[in-house]
Amino acid sequence: MRILVVGGGCGGTILANNLARRLANEIRSRKVRITMLSASDKHMYQPGLLYVAFGQMMPDELYRDQLSLLEPTIEFHVDPVEQFHLDQNRVTTKSGRTHEYDVMVIATGSRIVPEEVPGLVEGSETFYSEAAAVKMFKRLREFEGGRVAIVVGVPHKCPIAPVEVTFSLHDYFKTRGIRDKVHIKYHYPIGRIHTIENVAKWAKPEFDRIGIEYETLFNVKEVDVENQVVKSEEGTETEYDLLISIPPHRGMPVIERDQMGDGGWIPTDRYKLTMEGHDNVYVLGDTTNLPVSKTGSAAHFEAEVVAENISSIIKIGTPVRDYDGKVYCFIEAGHDRATYAMFNYENPPDLKAPNKSMHWFKMSYNKMYWTSVRGLL
Amino acid sequence: MTAQTESPQTAKTVDPGELAHELEQLSELATLVLSARDALSDDIVSRVAQALSEGITLLDRLTRNEGLMRLLQVLDTPESQHLLHGLSTALAKMSRDIAISPPAKGGLVGVAKLAMEPGTQEGLRSLSLLGKYWSDSMRELHRTGGN
Amino acid sequence: MSDFKTIDARDTFCPGPLMELISYMKTAQVGDTLELLSTDNGTASDVPEWIDKVGHEMISSEKIDDVWHLKVRKLK
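Chains as they are written, first to last, in the working numbering: chain A, 13 to 389; chain G, 1238 to 1384; chain Y, 688 to 763.
Quick look at the structure:
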């Protein structure tokens, strides 16, 4: 049985390690082989980028060697897939090699596409890549006051990021003693200030209390860089001195190129996590078209289900459980306090009052992540 | 109502002094927790979490390493512990002897001279026996795939 | 040629039905029809409000067996 894992991010790594643990005997007796193909030999802890943008983490803290995170029985190649041949159960890679599989898991993730909004690349700061986060921090340090606007592209990774970055901006300018010289305005694509109703209910009075203006139903259409104005699809506009953006995202180009899903998102069964029309292909994390948050935690819980099912299919010939839509999100609420939202297909998120202990749990998780991707926590 | 249940009328009244003492102890405990909370920083929490997290990873590796577990079993016997002690003592003595003896001149005569010594002969015999048993174990490893 | 696509946003709390519709609207072509399925009652008012504000066309909105079916057409 040849298991091919395409993508070495959070979901792919947890899945491969979890499988290697479950199938240790089968791998040793050479009945099963796990191969991982990734675009990089490094693994990045992406939630750390927000801390880099505020000078609270250094970029080198975000990386580990991918090989050091994998079970030694997993065959790892830095050789991304260039073409999927789903009808022939094989892929071809950048180096020209062919990998055949019996079961494949696609976990190629998503990428930012700020270029799809005219002016967004030149006109805004963001924290969705290492270089951008460092640049954003330098810009924040130089900022002495004025109008800060936060705009949000759709779809985007980490749905809580717009609220978190807004609280962090408030804290940052307050600590520097220039909060009274900064006017912060938050813009959100739908009719309330966050898509999770309970988060919106909690954040709105918080925004009012700390003096953050907000505009809803604002989908960023273009940025007039010269005149420093950001315009919405809905016909409104906001002037700014510093524009912070959560850029829109897409799936990987290879998915669109091979016509496996519009926007690079693969149509996926919401319970079985198999690719529509292909029972031996599973899809994880950001890569799916599921109406589930694009976060590491969704990828994590999905990876556990897929690993358990692939393993049980090998051992007893049938999958054992469904994905219930579980997502767990930390929410940094500013002022060294945090809370969390947990939900699934059945149960809406309930929100507890933010506190310091949850903030420390998040701080701890920033380090525990490496234990988590190894398939331990 | 069972015999063990006390009615409110017969319940022992709480001594105010005792209550005050208990409250004081509770407040002491709360102060301790709060002071620990205030003393901690993001950095400390991160470092402790990292140490614990890496510790768990290490523990996981150690406990799942069958070779190491078997080695620990072998090392549990007094004989193995004695041998290990003997080996480390021998290594320490050897390194000291090498440090104080003049550099070897080389050549067949030197080898012949060394070979005449009973210690060398004993050593060679031990090494050849070690080689014999080790190669048996290696053959076994490749025959069974380590199972 | 215009396309018809169904977006299954039933039982979802984040990113939520309207956010799903906005995502799909971006990759759709002008003239395409999108049908949004939602179990969230708020959707019935949120979607027409957005469609109206941004300038697309609301085709129909009906509730069948506790599921809202909202059809919209992309106009720009």
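Glycine included, C-beta positions come from ideal geometry on N, C-alpha and C.
Taking the beta carbon of M745(Y) as reference, no residue of chain A falls within 8 Å; the closest one sits roughly 15 Å away.
Assignment of beta-bridge partners to H168(A) by DSSP yields no partner. T1357(G) counts as exposed, since fewer than 16 other beta carbons sit within 10 angstroms of its beta carbon. For M13(A), no chain G residue has a C-beta closer than 9 Å to its own C-beta; the minimum C-beta separation is roughly 17 Å. Residue burial annotation: I46(A) is buried, with at least 16 other C-beta atoms found within 10 angstroms of its C-beta. Contact of T383(A) with chain G is assigned, a C-beta pair being separated by under 8 Å. Where Y294(A) is concerned, the enclosing beta strand (DSSP E) starts and stops at H290 to V295.
Each residue's CA atom was taken as its position, placing D752(Y) and G729(Y) some 16 Å apart. In this structure, the straight-line span from the alpha carbon of E87(A) to that of T300(A) is close to 25 Å.
Per DSSP, K368(A) is one residue of the alpha helix (DSSP H) stretching across K368 to V385.
By the criterion of a C-beta distance shorter than 7 Å, V44(A) is surrounded in its chain by M13, I15, L35, E38 and I326, once the five residues flanking it on both sides are discounted. Contact annotation for Q1287(G) against chain A: K379 [CB-CB distance below 7 Å, chain order].
Here the region 365-379 of chain A makes contact with the region 334-353 of chain A; the two share three or more CB pairs at distances below 8 Å.
Distance from the CA atom of G1343(G) to the CA atom of A1349(G), rounded to whole angstroms, is 11 Å.
Per DSSP, R191(A) lies in no beta strand (DSSP E) and is assigned neither H nor E. By the Cβ rule, the region 55-63 of chain A does not count as touching the region 27-34 of chain A, because fewer than three pairs are nearer than 8 Å. Neighbours of S1283(G) across chain A, judged by C-beta separation under 8 Å: M375, S376, N378 and K379. The shortest C-alpha to C-alpha distance from L302(A) to any of F691(Y), D690(Y) and D698(Y) is the one to D698(Y).
Under DSSP, A696(Y) takes part in a beta bridge, and its partners are S725(Y). The Cβ neighbour count for K1330(G), taken over all protein chains shown within 10 Å, is under 16; the residue is labelled exposed. Burial is judged here by how many other beta carbons sit within 10 angstroms of a residue's own beta carbon; V1270(G) has fewer than 16 and is exposed.
Cα atoms of E1265(G) and D1275(G): separation of roughly 15 Å, rounded to the nearest angstrom. Along the region 215-231 of chain A, going in chain order, the ones with a CB nearer than 7 Å to a CB of chain Y are L229 and N231. Classified as buried, V385(A) has 16 or more neighbouring CB atoms from the shown chains inside 10 Å of its CB. The continuous beta strand (DSSP E) containing F88(A) extends over residues E87 to V90. Under a 10 Å Cβ-count criterion, I1337(G) is classified as exposed, with fewer than 16 other Cβ atoms of the shown protein chains found around its own Cβ. Inter-segment contact for the region 182-200 of chain A and the region 275-294 of chain A is absent: fewer than three beta-carbon pairs are separated by less than 8 Å. In this chain, the beta strand (DSSP E) harbouring E94(A) covers V93 to H97. For V242(A), the closest Cβ of chain Y is not nearer than 8 Å. In its chain, beyond the 5 residues on either side, E234, V235 and V237 have a beta carbon closer than 6 Å to the beta carbon of G131(A). At a Cβ-Cβ threshold of 8 Å, K379(A) and S1283(G) count as neighbours.
In the three-state reduction of the DSSP assignment, C701(Y) falls in the coil class. Annotation for H206(A): no beta strand (DSSP E) segment contains it, and DSSP assigns it neither H nor E. In the three-state DSSP reduction, V17(A) falls in the strand class (E or B).
Looking at E156(A), A51(A), T207(A) and V133(A), the one whose alpha-carbon comes closest to that of G189(A) is E156(A). Bridge pairing for D77(A): K54(A) [DSSP].
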